[in-house]
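Here the sequence shown stands for residues -21 to -1, 1 to 155, numbered as in mature numbering (1 follows the signal peptide of the UniProt record, and there is no 0).
For each residue, glycine too, the CB sits at the ideal point set by N, CA and C.
This structure is a prediction, so every number in the text was calculated from the model and none was measured.
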Amino acid sequence: MKLAPSTIVLLFAVIASPAFAQESSRKDFQEYCQAFQGRWVGDITWVADWPGLGKKGEKVTAYSENTVAEDGNALITKFYGGNGSGTGIVAFDARAKQIKWMWVSSGGYVGQSTLHKVDGKWVDKGLGSTPDGTKNEYTSTVTITDNGNTHTWTGTGTLGGEQVDDQHDVWRRVSQ
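This is how it looks when you write it as structure tokens:
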């Protein structure tokens, strides 16, 4: 059987697609927990209006406490910023070979994402919805500096199909 050049290109595109590149291991998850655990203070700017949290363009100081739980099988994330808060859980899904994060905010936003490492940086690719069902999609990249004590989040996304402002938030670890 002879394959047409376009079929070969298509097969290569599927094999090289991000879905195949986004696999993680339990060791990656443990590394993620080590990098993100502890208490953090962040300088963030809301990239869109987030119900219960704040309005687009507002700059806020936020706080986060991330705790390894369930004998190292979960990272519980607590967020406090603007007018609200959020709670999440990060875990390794061995079947999917992915690190997954699910969270909810006090304003009713619900989100889920997958996390993986690319060139020494963590990539957070997520999907969520506001309380009225408006769809949010985003990709954030976390650059870790200062011996692991500074995390700079940059990214892009959409809310209801419209582009939101670019993300640029800086978090500093207060304690491990």
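query: Tell me which same chain residues have a C-beta within less than 6 Å of the C-beta of A53, skipping the five on either side of it?
result: I68, A70
- prompt: Of all the options D98, D111, N126, S108, which has the alpha carbon lying nearest to the alpha carbon of T120?
  reply: D98
task: Under 8 Å Cβ to Cβ from I78, same chain only, skipping five residues before and after it: list those, please.
output: S3, D7, F8, Y11, V69, A70, F71, D72, T93, L94, H95
field: the region 127 to 146 in contact with the region 110 to 117 per 3-pair CB rule at 8 Å
entry: yes
message: Quick check: what's the CA-CA separation for S43 versus W82?
response: 13 Å
K38, enclosing beta strand (DSSP E) - first and last residue: 38 to 48
For D148: DSSP bridge partner residues: W132
task: Using beta-carbon positions only, say whether T109 and Y88 come within less than 7 Å of one another.
output: yes
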